[in-house]
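To start, the structure under review is shown below, and the notes come after it.
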Amino acid sequence: MADYLPHTPDEVAAMLGFLGMDSLDQLFAHIPAAVRLSQGLDLPAGMSEPDVAAVFERFTDANRATTTDMTCFAGAGAYDHEIPAVVKMLGSRSEFVTAYTPYQPEVAQGVLQAIFEYQTLISRLSGLPIANASLYDGATALVEALNLAAGATGRSKMVISSGVHPHWRAVARTFAKGTGHEIVEAPLKDGVTDWAGVDASGAAAVVAAYPNYLGILEDLTAAKQMAVADGALLVIGADPVAAGVLKTAGQWGADVFVGEGQPFGTALSYGGPYLGLFACTLEQIRRLPGRIVGETVDSNDRRSFVTTLRAREQDIRREKATSNVCTNQTLMAVTAAIQLGWLGTYGLREVATRCAQGAHYLYDQLLAIDGVRAVSTQPFFREFAVRLPESALGVLHRMADEGVLGGLAVSALAGGSDPSIDDDIDDVLLVAVTERRTRAELDNYVDLLRKAVS
Amino acid sequence: MADYLPHTPDEVAAMLGFLGMDSLDQLFAHIPAAVRLSQGLDLPAGMSEPDVAAVFERFTDANRATTTDMTCFAGAGAYDHEIPAVVKMLGSRSEFVTAYTPYQPEVAQGVLQAIFEYQTLISRLSGLPIANASLYDGATALVEALNLAAGATGRSKMVISSGVHPHWRAVARTFAKGTGHEIVEAPLKDGVTDWAGVDASGAAAVVAAYPNYLGILEDLTAAKQMAVADGALLVIGADPVAAGVLKTAGQWGADVFVGEGQPFGTALSYGGPYLGLFACTLEQIRRLPGRIVGETVDSNDRRSFVTTLRAREQDIRREKATSNVCTNQTLMAVTAAIQLGWLGTYGLREVATRCAQGAHYLYDQLLAIDGVRAVSTQPFFREFAVRLPESALGVLHRMADEGVLGGLAVSALAGGSDPSIDDDIDDVLLVAVTERRTRAELDNYVDLLRKAVS
Amino acid sequence: MMAAKALPGGRAASAPLLGHDIEPTIFEMSVAGRAAYQLRTTGVAATPLNELVPSTHLNPDVVPLAEVSERDLVAHFTRLSHRQFSVDLGAYPLGSCTMKYNPKFCDAVAADPGLNSVHPGAPAELTQGWLDLLVTLEETLCVITGMSAATLQPSAGAAGELTGLLLMRAFHTANGDPRRRVLIPDSAHGTNPASVTLGGYEVTTISSNDRGLVDLDALKAALGPDVAGIMLTNPNTVGLFEEEITEIATAVHDVGGLLYYDGANLNAILGVVRPGDMGFDIVHMNLHKTFATPHGGGGPGAGPVAVSSRLAEFLPGPKATRLADGTFDWTTPARSIGRVHGWHGNAMVLARALAYIDVHGGDGLTRVAQHAVLNANWLRKRLSATLPAAYDRTCMHECVLTAAPLKAKYGVRGLDVAKALLEEGFHSPTVYFPLIVDEALMFEPTETESLQTLESLAEAIERIERRAASDPESLHRAPQTTPVSRVDEARAARHLVATEDAAQR
Amino acid sequence: MMAAKALPGGRAASAPLLGHDIEPTIFEMSVAGRAAYQLRTTGVAATPLNELVPSTHLNPDVVPLAEVSERDLVAHFTRLSHRQFSVDLGAYPLGSCTMKYNPKFCDAVAADPGLNSVHPGAPAELTQGWLDLLVTLEETLCVITGMSAATLQPSAGAAGELTGLLLMRAFHTANGDPRRRVLIPDSAHGTNPASVTLGGYEVTTISSNDRGLVDLDALKAALGPDVAGIMLTNPNTVGLFEEEITEIATAVHDVGGLLYYDGANLNAILGVVRPGDMGFDIVHMNLHKTFATPHGGGGPGAGPVAVSSRLAEFLPGPKATRLADGTFDWTTPARSIGRVHGWHGNAMVLARALAYIDVHGGDGLTRVAQHAVLNANWLRKRLSATLPAAYDRTCMHECVLTAAPLKAKYGVRGLDVAKALLEEGFHSPTVYFPLIVDEALMFEPTETESLQTLESLAEAIERIERRAASDPESLHRAPQTTPVSRVDEARAARHLVATEDAAQR
Ligand SMILES: Cc1ncc(COP(=O)(O)O)c(C=O)c1O
Ligand SMILES: Cc1ncc(COP(=O)(O)O)c(C=O)c1O
């Protein structure tokens, strides 16, 4: 029996007395007996914290793929970047952690200003003038972008490059069942989108990924031209780390930028909570989903921050809202602001550059292995796919036994075959390299893979 | 090359310019060239934090005796108690961690009030009306107690039970070289102090340990009588956890209480920083070493806290100060207040009781092993000594190979033979049991020891 | 884009401990050439980027973030934290939000690298601990709600709602009868109608009766064969238990509709009554409320959705599944609606929730509900002379009071009371929700606040009432003791400045 | 002993974010029957204590601590933390204290169970990592100070001083000539004379000359065969380098005395000049100052003492030692003075210091000193019109200014300036130390504060000067923006209330 209740038996009795009751059960007397539980919940009794810790040790012991036990080459939107002690410490300050949505701005300037700074950072990285205060993750941010495009154009056809992360496409397909959007996937050819292969007429959005999920850098000029020609919005899903050096979504002409913000200070966390990044042009501002913090003044004319443009939101507009999002991922947004503050202008560039350097070094070494083949001739950035002489999953397991998480099997990501890969998908391995990977780790990887495929 | 400096080269140049200088070296031009370093320090170049983390991994990997890797039965003042997440979190709040001594009370009420609460808690646990804001550790707290006694009595002879921790006695001997105190150690017989064996006439202090370092509960009536008879102060060094249920130092008639506060929320920490506890009678208040926080009011008559009785301290009284202590162990004192707040009145009693229960269970099992013998027939509390059929150190090493830190060799603690143990000291093992030790761990201990000595 | 003259990072005048200045933005503190980052030495050759990537892809400009020292970074965000209220500072009786104390133990669990350093794409064989945890949590949530299967993917309550509506749609579609409308009481939270729209349904609003409950006649009148279902929260958003829930369930089921339970208020009924037993088919939970995972200033949350057996085959996938041999793998339900999250949901929030549930156990969860309801009722009654309850009878874990009498007597509105309460040392309750109550002030004390805290809150409100009588003007100006005084919300919307760059223009 | 009526734990009016109330003590919040603790289930039989221990040993009474919920515990200490200034909030230019930014990385190192869960009595074979760390740190500190061996046992600077004096005594005693006096400049820190007394020596005070340095003639006059040594800090406590250090060293050595270096000011000379090279025989370091281990509100610190080769055999023991085979063990120097700490010293502080040193390296430590000195000189010059330097020439890492002109002109004292600075968003400098300077204000900006912060500090002081001119009264009443206003220190000493129980009486 363990809990965090302050009530002593005397106090409970006194409180019940005040209410004219003599048992806690009486508080629930108005609930029809027919639906009430007679026996309480069929769950084990409460345990003390140290006892629960012992239970959780069973879970942690059974997780082999921790970054402390395995060198991580897995990516696909979730990366093993450096998170310094200072960012962990600041991001876990209890004022940020245990606050609610900043409904009372007079006592929430801390979170509000941090979000304002976050919005500024994401706006700059996206090359677009306005960013929101976060969405759930990259995948659902894409869904919100499609909804925005539908609202902006009055159309419902969505042309999506299959260079977009397979999970994101899957999520878009799921939510399209509610919105009724028609989703058209543009296949990849040689690793880049074959826009010519799809018909974008009447489309609300053209969606491209940059780099695409195979790590490949696509020239987005054609996507932009197509969007303009067909009156669609251009939505770019971009790697926010690469955004430190690559052309911004704005520079490619995007109307909407979406991204997965995990690389900015959030641990791998088995996939969540992550951080949905979202930015757009000023034209779309009244359709922007989620919360936005704006600058204003207080009654003494001091600069203050407050959530603004509330009239778009569900609590006011109800069924006509631009989005149903209420709780978002503020803590991750605050953490991203802190991590980007730590990295600074040149730190982010350095991280992006080192990722690319490591990835290219590894790629070159791997292609020198007998039987390992390129999937594309196109340029890539910090992640790449290679074709192995056998199933990628099998190779991954053999490498895992040697302490390396060698990447991700594209077939597992895609859940089977996929328009992004024209040949046998089972043999394709996706490898990510971050700034944390040392030369020795890369060389070890090469050795292990060579052994695994020979 | 890594550091935490904010200065840009431009700023350095501008600042030097303001000073009429053109290089940083010029700042040091007034230092005689003869003593200046020409080449800088002969140390490796700076490394980034993650690189240093890799260096430290070598250290942590080479430490086998962590509580995560070995079940800990070692004690002697340093115990493996539960420290809950909530205490770690609160105790590591940066306001407490990165503050200096509260010299400006208007902006230091946080630390000051926490110390006030700490003083209250230690006063209650010691049964004495006043406690200071902390000293370095138990051993140096004892030294301060001796100095206080010398000041109070104008005498310099110190009668110390050899039931006092051997390290404390060693520290007392060291500092006595400066103060000129004569230290007389009273031997133990059957594990309790043989007061009759020493002459306390002309003594400034009679010092007893409760329980003594072998875990044994001595009746302190005789010590008190002797102190009263000879006009000496009674100093009791007590286990603060046991103080949750045992007679207080005050109840035994102590003039001064000293103790090691590590069990109150401080990790084993390889021995430091720990926490020197110190309390005394009101009579001795002007001789109390170290800092004291007192209650007062501000100019608007609001309750406030401030360091007080400063006239005792070194910064004011200089060579006549009661002690030279300046920096103490405030953070550990604050942590102790938090941990004691978490434990509360009954939690501390429960911890003390469980320690005793585990220790007695284990003791009974061990004495049933062939060749394992009692060291004393006296009652003990949460720690006990047993005599093994062979060197305790050898047994400890064999148990360590099975993942158990089986206690401490008394010979190692004492640094050789000691008046506390009359027979061969090498075979004596000191075993501590905390509330964290499970029945399964105790039973495993018994099995391992049986194997080790058979 | 950097501030012309950088503002000092070391001046602490914005920390309420010292002063009332504003805190500069990190951009205003930025100085070209400063940096805080330190990276590992890797030994990888530093090939110039333009040798690796065609220059058409490289941004010719440097994207300016901020350039600050680690010291200033720490000072800045530490000061911001001092300008932020949180549960850890004091009572936070925001109705509908369940701002209970979040045990630090759960945060410690989530900080363990054995959980939080695992890549979500790692093969199931290498992450058996995580799959075990997820399956255990799913099973546990099903016991708590009385349902038979659940998805843990949704990231928050609203995401759970939409997932639930897509399940509703999948169910009806599979029956060859997609239907058109979803009923929602007029007191519902805004996410409910918004989710209905995104689920492709039309909203039909059901009015509440004068007892604050669903008007059964209005409900029946609205029902028909095109009704896909109804969304309810029970207790509802005025904190009252829908006593006719069985009748409602029967009526909806009779026309072939499904019952959706908005679990935001689950805290009130833990171990007392289960949505499944009340006839609900779909339940989302707000783990960040009921199971005390900290709200993070607005997120993250987690909004698992549990369903009755007839809906289980539609659940999102892949799902962590216990296999016959005791190991775990990912499987996808037969007619799954697909993924609703980029990976497996907000895993670290899920882990915290399981730890919280394990500490409490079945007995502790029941105590949670009992004491939450006890606190709310005590406060309701204690305040009855000052802020009468909108519906004056036994409430559940929260109570909706009204400042209408204060407005009538003194011209002091609910918002004024809320702001004045900040000056009294408490976070404000939820104001102006639910919309059906005039001058609503919705208090949810939660079970972790003590009687002393509640009494002190009540006394504070009584002081505010006296102030309303003697100096109502001062309440319109409240709060004055906070880092900023009343904020001009209208101006923020009129003059949108949502980034530093907009501020510079 | 518990408060009759408990005060609420959830009211946050004492958090400066909201209000200016006082924070109740934990005892005032206590309610009989509440508890926060949770212990492991062990399976050990719960034998009643009086069956294990004779009842003569058991306290017949329950010692009352406090009885609070975990929620109130968190709220209380979180609010206390908001009532506390710290480096992480802003600049803390306390002279002599070196309140630089403490890298969080070092704290993370010290939080590793691989270091902090090790029992200090575990055999050396099981703690080789720790011994390696300690040996490495000792070697590193010797390089930094130019000495040949060190002890890491002393817990703080003052403990280091006393240890050093005992080494001095052991040295002379071994030479059959214990001696009697230790010389100390009149500007010395109070710990120096106090330590001398405890070391069994008499203090002879040496006056400073009008340049703020040791008066060489006075020194020579005081020297004699009974002088055991001299304690100096260089730079001295007015922030000036003792330029005649070689002459001083020679004079002291000539009479057979030893030179003791108080390392509190080591930050100024890292990589620039070493105590060993100046002729010092014994050096203590304040790791918590120079090597940025956080001060913890007054501790813990660490005060290692390094010595020249002729003193090495006297060092405290046991010492971690590198053996010929590359492993490590504890050894005790031949003529060791014995232990000065219950175990091995403040190990976690030592670990932090080594991490800090490793990050900086030799090059970085030199930069630390250079920039610390640059900042102090810039500030000294920048403020020269308002608060003139006590000795107006190049200082080291700190500068002693004087408010004497303000006192003369406006009746405003140094203390007033210090208090007013709090209202301006800065921690105060050290006031009234060293004692030899009238109305001393001792600023140590440290190297981690930026030019912008220094400029802003200077502007704040200029504003205070203008306020002194226009409204000096207001300065006597400062600070008013802080949680409590000026505190009545005299009353605290007059009416000693050092525990809750004394407060109740
Ligand atoms: C009644 C009710 N339903 C739904 C929600 C939405 O939950 P979330 O904010 O997690 O999306 C809330 C949250 O405020 C709520 O109070
Ligand atoms: C010059 C000087 N010497 C010695 C000390 C004493 O150091 P500690 O406080 O660590 O005992 C100090 C600390 O304030 C100091 O400034």
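Heads up: the protein sequence lines correspond to chains A, B, C and D, in order. The numbering of the first sequence is the numbering used here, which starts it at 1 and goes up by one. The numbering of the second sequence is the numbering used here, which starts it at 1001 and goes up by one. The numbering of the third sequence is the numbering used here, which starts it at 2001 and goes up by one. The numbering of the fourth sequence is the numbering used here, which starts it at 3001 and goes up by one. We put the CB at the ideal spot given by N, CA and C, even for glycine.
- Close CB contacts of C:ALA2478 within its chain, under the 6 Å cut and outside five residues either way in sequence, are with LYS2419, ALA2420, GLU2423 (chain order).
- Within the same chain, ILE425, ASP426 come within 6 Å of A:SER411 by CB-CB distance, once the 5 residues on both sides are set aside.
- Here C:GLY2146 is buried: its Cβ has 16 or more other Cβ atoms, across all protein chains shown, within 10 Å.
- In this structure B:ILE1316 is exposed. Its beta-carbon is surrounded by fewer than 16 other beta-carbon atoms within 10 angstroms.
- Fully contained in the region 100-125 of chain A is no beta strand (DSSP E) run of length 3 or more.
- Straight across, the Cα-Cα distance linking D:PRO3388 with C:GLN2480 is about 39 Å.
- When secondary structure is reduced to three states using DSSP, D:CYS3142 falls in the helix class.
- For A:SER23, the number of other beta carbons within 10 angstroms of its own is below 16, and it is reported as exposed.
- A:CYS72 is bridged by DSSP to A:LEU405.
- Put simply, of B:THR1066, B:ARG1354, B:VAL1207, B:ALA1311 the residue whose alpha carbon is nearest the alpha carbon of D:LEU3039 is B:ARG1354.
- In the structure shown, the three-state DSSP call for C:LEU2183 is strand.
- In this structure, the alpha-carbon of D:LEU3457 lies about 45 Å from that of A:ALA254.
- C-alpha of B:PHE1028 to C-alpha of D:GLN3370: approximately 9 Å in a straight line.
- DSSP assignment within the region 2286-2351 of chain C yields the following whole alpha helix (DSSP H) runs of 4 residues or more, N-terminal first: 2287-2290.
- The Cβ-Cβ distance between A:LEU142 and A:ALA186 does not fall below 7 Å.
- Within the region 1242-1272 of chain B, the runs of beta strand (DSSP E) at least 3 residues long that lie entirely inside it are, in chain order, 1256-1260.
- Exclusion of D:HIS3427 from the 6 Å shell around ligand 2 follows from its C-beta lying no nearer than that to any non-hydrogen atom of the ligand.
- Comparing C-alpha distances from C:ARG2169 to each of C:ARG2463, C:LEU2198, C:THR2394, C:LEU2266 shows the shortest one belongs to C:LEU2198.
- The beta-carbon of C:VAL2074 is placed less than 7 Å from the nearest beta-carbon of chain D.
- Under DSSP, B:GLY1276 forms a beta bridge with B:LEU1135, B:GLU1260.
- Under a criterion of Cβ atoms nearer than 9 Å, the residues of chain A adjacent to D:ARG3040 are, in order, SER48, GLU49, PRO50, ASP51, ALA53, ALA54.
- Under the 10 Å beta carbon count, C:LYS2319 is surrounded by 16 or more other beta carbons and is classified as buried.
- Considering only beta carbons, the part of the region 3472-3497 of chain D lying closer than 9 Å to chain C consists of PRO3479, THR3481, THR3482, PRO3483, in chain order.
- Residues of the region 1098-1112 of chain B with a Cβ closer than 9 Å to any Cβ of chain D, in chain order: THR1098, ALA1099, TYR1100, THR1101, PRO1102, TYR1103, GLN1104, PRO1105, GLU1106, VAL1107, ALA1108, GLN1109, GLY1110, VAL1111, LEU1112.
- Contact of C:SER2069 with chain B by beta-carbon distance below 8 Å involves TYR1004, LEU1005, PRO1006.
- A:GLU49 has its alpha-carbon roughly 28 Å from the corresponding atom of B:TYR1363.
- When 8 Å is used as the limit between beta carbons, C:ASP2107 is near these residues of chain B: ALA1085, MET1089, in chain order.
- Between the region 1289-1298 of chain B and the region 1102-1119 of chain B there are three or more C-beta pairs closer than 8 Å, enough to call the two in contact.
- Residue nearest to A:VAL431 within the set A:SER417, A:LEU448, A:GLU383 is A:GLU383 (criterion: CA-CA distance).
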